[in-house]
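*Asks:* Per the working numbering, the very first residue in the sequence shown carries number 24; after that it's consecutive. No residue lacks a Cβ here, since even glycine has one placed at the ideal position from N, Cα and C. Computed from a prediction, not measured in an experiment: that's the story for all the values here.
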Amino acid sequence: MIGAVHHALLRAFRRLPVRGRRFVVRRLAPSFTVGSVCVIERSDGAILLLRLSYRDGWGLPGGLLKRGETPIDAARREADEETSLDIETLGEPAVVVEAAKRRIDIVFRCRPRRGTPTTAHTRTPEVVDLDWFPHGDLPRLQEEAATALAALSRTEESGGTGSDDQTPSSWPAG
Numbered sequence: 024m025i026g027a028v029h030h031a032l033l034r035a036f037r038r039l040p041v042r043g044r045r046f047v048v049r050r051l052a053p054s055f056t057v058g059s060v061c062v063i064e065r066s067d068g069a070i071l072l073l074r075l076s077y078r079d080g081w082g083l084p085g086g087l088l089k090r091g092e093t094p095i096d097a098a099r100r101e102a103d104e105e106t107s108l109d110i111e112t113l114g115e116p117a118v119v120v121e122a123a124k125r126r127i128d129i130v131f132r133c134r135p136r137r138g139t140p141t142t143a144h145t146r147t148p149e150v151v152d153l154d155w156f157p158h159g160d161l162p163r164l165q166e167e168a169a170t171a172l173a174a175l176s177r178t179e180e181s182g183g184t185g186s187d188d189q190t191p192s193s194w195p196a197g
């Protein structure tokens, strides 16, 4: 019985115009928010971290994509808003999928664009502090920042192919 109903629904779906099928899929499929995260490194290897007014621990610059915005454009926009840095991305990004939170983060390794200042300052009241930290001496990180750093490390170690292992490595999460 269920098989017959399923086949009838598929036949009806196939007869819908493309716009109708897209509408049905968008209403029934799970939706995720997508964000861009920036791991900004200076030439000495220090990483730029920031503290948000509404979160504990240190995090990475980034935020949600605006409608129609690409992940790389969102990374550049967020870096500019939160750190005032003009960045360029390096290598392949990592992807973090948090199914339970219905969130996907695209993690970019970045550096200040050559010939631009590396002195960061914020342009938004949500950032209360930002500073450069040596890679081996990071403060207590927000869980999302530790996960993003670990994912980027795995992606780079695997030659850009990533890994199924979503376990944070040695980054000090708080």
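#1: Per DSSP, which residues does A122 bridge with? Please list them.
#2: With distances taken Cα to Cα, identify the nearest neighbour of I95 among V62, G26, L72.
#3: Using the rule of at least 16 other Cβ atoms within 10 Å of the residue's Cβ for burial, across every protein chain shown, is P129 buried or exposed?
#4: How should T142 be labelled, buried or exposed, when 16 other C-beta atoms within 10 angstroms of its C-beta is the threshold for buried?
#5: Can you give me the C-alpha to C-alpha distance between S181 and A117, rounded to a whole angstrom?
#6: Could you give the first and the last residue of the continuous alpha helix (DSSP H) run that contains D202?
#7: Three-state secondary structure (DSSP) at F234?
#8: A31 to T178, Cα distance in whole Å?
#9: From D187 to V120, what distance separates their C-alpha atoms?
#10: Cβ atoms of I110 and R136: under 8 Å apart, would you say?
#11: Pick out the complete beta strand (DSSP E) segments inside the region 33-60, 3 residues or longer, and give them in chain order.
#12: What distance in whole Å lies between the Cβ atoms of L73 and V150, which are believed to be in contact at a cut-off of 8 Å?
#13: Residues in the same chain with beta-carbon distance under 7 Å from V28, minus the five sequence neighbours each way, listed in chain order, please.
#14: Suppose contacts are defined by Cβ-Cβ distances below 8 Å. Is S54 in contact with A98 by that definition?
#15: Mind checking who R134 pairs with in its DSSP beta bridge?
#16: Do you know how far the Cα of P157 is from the Cα of R82?
#17: Using the C-alpha atoms, what's the distance from D152 back to L108?
*Replies:* Reading it off the structure:
#1: Your numbering for residue 122 matches position 99 in the sequence shown. Paired residues: none, contrary to the question.
#2: If you number the sequence shown from 1, residue 95 lands on position 72. The closest CA to that of I95, considering only V62, G26, L72, is found on V62.
#3: Taking the sequence shown and counting its residues from 1, one reaches residue 129 at position 106. Reading off the sequence, residue 129 comes out as Ile, not Pro. Buried.
#4: Start at 1 with the first residue of the sequence shown, and residue 142 comes out as number 119. Label assigned to T142: exposed.
#5: For the purposes of this step, residue 181 is identified with residue 158 of the sequence shown, where counting begins at 1. For the purposes of this step, residue 117 is identified with residue 94 of the sequence shown, where counting begins at 1. Distance between the alpha carbons of S181 and A117 is about 11 Å.
#6: Residue 202 lies beyond the stretch modelled for the chain, which goes from 24 to 197, so this question has no answer here.
#7: Given a span of 24 to 197 for the chain in the structure shown, any question on residue 234 remains unanswerable.
#8: Numbered from its first residue, the sequence shown carries residue 31 at position 8. Numbered from its first residue, the sequence shown carries residue 178 at position 155. Straight-line spacing of the CA atoms in A31 and T178 works out to 44 Å.
#9: Within the sequence shown, residue 187 is the residue found at index 164, counting from 1. Within the sequence shown, residue 120 is the residue found at index 97, counting from 1. Unreliable positioning characterises D187 in this predicted model, as indicated by a pLDDT of 46, which lies under 50. A coordinate reading is not provided.
#10: Indexing the sequence shown from 1 puts residue 136 at position 113. Indexing the sequence shown from 1 puts residue 110 at position 87. Between R136 and I110, the gap from beta carbon to beta carbon is short of 8 Å.
#11: Within the region 33-60, no beta strand (DSSP E) run of at least 3 residues lies entirely inside it.
#12: Numbered from its first residue, the sequence shown carries residue 150 at position 127. Numbered from its first residue, the sequence shown carries residue 73 at position 50. Contact flag correct, Cβ pair sits at about 5 Å.
#13: Along the sequence shown, one-based indexing puts residue 28 at 5. Cβ neighbours of V28 within its own chain (closer than 7 Å, five residues either side excluded): none.
#14: Position 31 of the sequence shown holds residue 54. Position 75 of the sequence shown holds residue 98. Not closer than 8 Å, so no.
#15: By one-based count along the sequence shown, residue 134 stands at place 111. Answer is E111, bridged to R134.
#16: Residue numbering aside, residue 82 sits at position 59 when the sequence shown is read from its first letter. Residue numbering aside, residue 157 sits at position 134 when the sequence shown is read from its first letter. Going by the sequence as given, residue 82 is Gly instead of Arg. Approximately 14 Å between the Cα atoms of the pair.
#17: In the sequence shown, residue 108 corresponds to position 85, counting from 1. In the sequence shown, residue 152 corresponds to position 129, counting from 1. Approximately 15 Å between the Cα atoms of the pair.
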